[in-house]
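Novice: Okay, here's the structure, questions in a sec.
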Amino acid sequence: MLRFRASLLAATAAVIAMPAAGQEQQDATGLGDIIVTAQKREENLQDVPIAITAMTSDFVQSRDMTSIDRVSGLVPNVKIETNGPSTTSSVITIRGGVQVNVALFYEPSAGLYVDGVYIAKSQGSLFDIADIERVEVLRGPQGTLYGRNTLSGAINVITRKPSGELGGRAEVSYGNYDYRRAKASLDLPQFGIFSAKLSGQIARRDGFVDNVAQTAGTGSGDDFWNYDSRSGLFQLRAEPAETLTLDYSFDISVNDQRPRYSQLVGYTPGGIFDPASPAYAFGGAIFPIDQFVQPRERSSEGRADAPLRDYAKSWGHGLTASLDLGGAELKSITAYRKLRAEDAGDLDGTALPVAQTARLSRYRSFSQELQVTGQTDALSYVFGLYYFDDKGFTLNPQSFFGGSMAFDSRYGFTTEAYAAYSQLDYRLTDQLTLTGGLRYTHEKKTVERFFQVLGAMPVTLIDAPAGTVPAKKFNNVSPTAVVAWEPSSNINLYAKYARGYRSGGFNGETTSVADIYTPYKAENITSYELGLKSRLLDDRIQLNVAVFSNKHSNMQIAVFRAEGSAETSIDNAGGARVKGLEIEAVARPARDLTVRANLGVLDTKYTRYIDAGVDVADNRAFQYVPKTTASAGFDWTVWRGGDMELDLNGDIQFVSRYFTFPFPLRPGPGESNAYNTRSPGRTLVDMRAVLRGIPLGRTEADLTLWGRNLLNENDPLSYIDFGSSFGGLTVAYFPEPRTFGATLGVKF
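In my numbering, the protein residues as written are 53 to 800.
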């Protein structure tokens, strides 16, 4: 790991130290401007006084990004992974902020937006978008302009809008594991005041892990971790007047596949699954789990004794109206979204009926936002009003130890939120700008819960229908203050203070009557940040640096208890301090070569962690937070000949080790050990070669050869430790194996 860090820093230093080219090459080798809308208006990336990474259209296409998980590892202190066995739910970690439980009633710590529309839940958030124009990753709390649940940051996905000119692109791909994909976009010519665009893709792949179980009538023959996705996007733009633009969109994504394999990698010595333990007679003798334990590296074979499913269908309507008021713009963003998600599987990774669960979820949300943005000679401003409501319900049947422990678990919730916000940027001088912002949010949450122990004589432990648990109201004020100083046109220094929060709520999975009536508090963060944005050597190098210190209070910790049922609860454990450093460097030493490198370092510490009335701050792990993330990459045009060219690009991503659960670092009797579920981290290498401009009749084609995870990293991404109630049964989940293939694309 130290060698990797040293090599990366040396490469970054070499990039920064490249000699200047002659003046005649400045235009050919300059990096150019990147326009972002992170602050609700169009701005040059280097002028925005916040830590933000923008991935342009060319970069998105060259890395074949169709969902947000492709961003992971390319941005400092940002990690995006799938959740356990589900491949359609995300775990987003930004600057140490994370929410690992994707149950619908829990709130994420990072906000995800598509064309300004909030994607509110982690479950079902990994869906394909066939025609992405730009991705913006904002690091640090965004409580003023984005509001609730942007405690750690926000990710903006911007799609390509209709152009009004006839054209498009189609491509087909094939790869190992019988991977097949067809992807296309079609821009229609303008007709009257309307322009329209259609885009979509269909992709399928065989499973990475063969199900070799031979249990009749169950999941036999259904391989784990296959891929079956369909997505589409219809966009219609109307321009009824020179000052008015209406953008309507309908998107849909359907994934109907089988989950990741829950690979059994261990159990607690001396527990019910340990053959050397006297307790073995009470569990292992009936369910000999020990016979199925595998090494902690990805296996190509697995077993299941239950049907396997990982299904998510998400769709939504969006309408954005923009009115030019002359010096100001009025914008309305209206959205309605729905999600249907169903996951079912065998959590113990054996052919024994030890742990089988399912989640059958329905969810819908509505949002309405009004914005006014404008600028005078010295003042830029944003004012906004926001409304959001949602409703969800989940059936969560569970069966353990051959049905001897079975539960009827159901939960539902509603949210209604209102917000008003403003942000003003005032340029005191040509070099000094002051920014102040404020957002007020009011929200109300409700919960319903049913939990029953099944058997010959069912026992209902919780029966709290909708309306019986008093609603909980939350209020928050999130300010922002920034001082930005530009000593020259190529240097931007800033100091930022910001607050953000993540909504409180109810523990919908709880098995305690008292807990369902006791909501957990909202989590708050106070952040201090210093940043440098610079362009050097005739605009051929871009170097951005940020250092920050975040203070969390009422920190929400997802604790997997598995005490009887598979229950996760949110605890307001106390407080934490997270400090960090981020470096991003981009250089274009020649017209045909662009190189990138970034580094993120985190220092985390609980300042207070109350467990059973005792402060255990020095004995708990931070979950899903690596100390170091780093990446380096390049885009190189190797050869040009006539209208053809050969391009190469590649990326190497490094993530240091991290803990999966906030378990004790020094466990006592009956406690899980945090080191048992620590991921060793990974280094991933991706490469692509593209031959462009191949003559094909009246048009041209391009051929791409690609490979991902070329080092075939196979250490675990995450774990589930079922705890002492289940004999310490531990399963692991892994990154995708090495994949490679070819893509043929045609423009028209």
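Just so you know, even glycine gets a beta-carbon here, dropped at the ideal spot from N, CA and C. Note that the structure is a prediction, hence the values are computed from the model and not measured.
(1) In this structure, what does DSSP give as the bridge partners for residue 624?
(2) Roughly how many angstroms separate the alpha carbons of residue 604 and residue 580, rounded to a whole number?
(3) Looking at chain B, is there any beta carbon in it that lies within less than 9 angstroms of the beta carbon of residue 707?
(4) What's the gap between the Cα of residue 530 and the Cα of residue 544?
(5) Where does residue 657 land, buried or exposed, given buried means 16+ other C-beta within 10 angstroms?
(6) To the nearest angstrom, how far is it from the Cα of residue 792 to the Cα of residue 739?
(7) Verify whether the separation of the beta carbon atoms of residue 499 and residue 455 is less than 9 angstroms.
(8) Does the Cβ of residue 343 lie closer than 8 angstroms to at least one heavy atom of the ligand NAP?
(9) From which residue to which residue does the alpha helix (DSSP H) around residue 453 run?
(10) Residue 568 by DSSP, collapsed to three states: which one?
(11) Figure out for me which residue from 497, 515 and 439 has the closest Cα to the Cα of residue 462.
(12) Assign residue 663 to one of three DSSP states: helix, strand, or coil.
(13) Fully enclosed by the segment 297-366, which beta strand (DSSP E) runs are 3 residues long or longer?
(14) Here's the rule I'm using: 16 or more other beta-carbon atoms within 10 Å means buried, otherwise exposed. How should residue 676 be labelled?
(15) Do you know how far the Cα of residue 344 is from the Cα of residue 265?
(16) List the residues that DSSP assigns as beta-bridge partners of residue 739.
(17) Quick one: measure Cβ to Cβ for residue 204 and residue 168, integer angstroms, because I've assumed they're closer than 8 angstroms.
(18) By a C-beta neighbour count over all protein chains shown, 10 Å radius and 16 as the cutoff for buried, is residue 354 buried or exposed?
(19) What residues in its chain sit with their C-beta under 7 angstroms from that of residue 784, if we drop five residues either side in the sequence?
(20) Between the Cα of residue 479 and the Cα atoms of 469, 432 and 443, which residue gives the shortest distance?
(21) Can you list, in chain order, the residues of its chain with a C-beta nearer than 6 angstroms to that of residue 696? Leave out the 5 residues immediately preceding and following it.
(22) Please name the residue, chosen from 777, 788 and 755, that lies closest to residue 225 on a Cα-to-Cα basis.
(23) Pop quiz: residue 764 and residue 789 are said to be a contact at Cβ under 8 angstroms. What is the actual Cβ separation, rounded to whole angstroms?
(24) In terms of residue numbering, what span does the beta strand (DSSP E) encompassing residue 420 cover?
(25) Among the candidates 94, 122 and 99, whose CA atom is the shortest distance from the CA of residue 761?
(26) Tell me residue 390's beta-bridge partners as DSSP assigns them.
(27) Out of 289, 229 and 594, point me to the one whose CA is closest to residue 214's CA.
(28) Considering only DSSP beta bridges, list what residue 529 is partnered with.
(29) Can you list the beta strand (DSSP E) stretches of 3 or more residues lying completely in the segment 125-153, in chain order?
(30) So what does residue 688 bridge to, in DSSP terms?
(31) Output needed for residue 565: all residues of its chain with C-beta closer than 6 angstroms, excluding positions within five of it in sequence on either side, in chain order.
(32) Classify residue 229 as helix, strand or coil using the three-state DSSP reduction.
(33) Tell me whether the segment 421-431 and the segment 393-405 touch, counting them as touching only if at least three CB pairs, one residue from each stretch, are closer than 8 angstroms.
(34) Hey, residue 310 and residue 278 are a contact pair by Cβ (cut 8 angstroms); roughly how many whole angstroms apart?
(35) Kindly list the residues whose CB is nearer than 6 angstroms to the CB of residue 212, restricted to its own chain and excluding five residues on each side of it in sequence; keep chain order.
(36) Using the rule of at least 16 other Cβ atoms within 10 Å of the residue's Cβ for burial, across every protein chain shown, is residue 582 buried or exposed?
Specialist: On the basis of the supplied data:
(1) Looking at the DSSP output, residue 624 shares a beta bridge with 608.
(2) 12 angstroms
(3) Judged by its chain identifiers, the structure shown contains no chain B, having just a single protein chain.
(4) 25 angstroms
(5) exposed
(6) 9 angstroms
(7) no
(8) Judged by which ligands are present, the structure shown has none, so any question about the ligand NAP falls away.
(9) Counting along the chain, residue 453 falls outside any alpha helix (DSSP H), and DSSP gives it neither H nor E.
(10) Three-state result, residue 568: helix.
(11) 515
(12) strand
(13) 315-318
(14) buried
(15) Rounded to whole angstroms, residue 265 to residue 344 spans 12 angstroms at the Cα level.
(16) 702 and 759
(17) Contact between residue 204 and residue 168 does not hold, since their C-beta atoms are separated by about 20 angstroms, which reaches or exceeds 8 angstroms.
(18) buried
(19) 315, 317, 348, 768 and 771
(20) Distances from the alpha-carbon of residue 479 to those of 469, 432 and 443 put 432 closest.
(21) 745
(22) 755
(23) 6 angstroms
(24) 407-427
(25) 122
(26) 367 and 416
(27) 289
(28) 492
(29) 130-134 and 142-146
(30) 645 and 700
(31) These residues qualify, in order along the chain: 514.
(32) Coil, per DSSP.
(33) no
(34) 5 angstroms
(35) 183 and 185
(36) exposed
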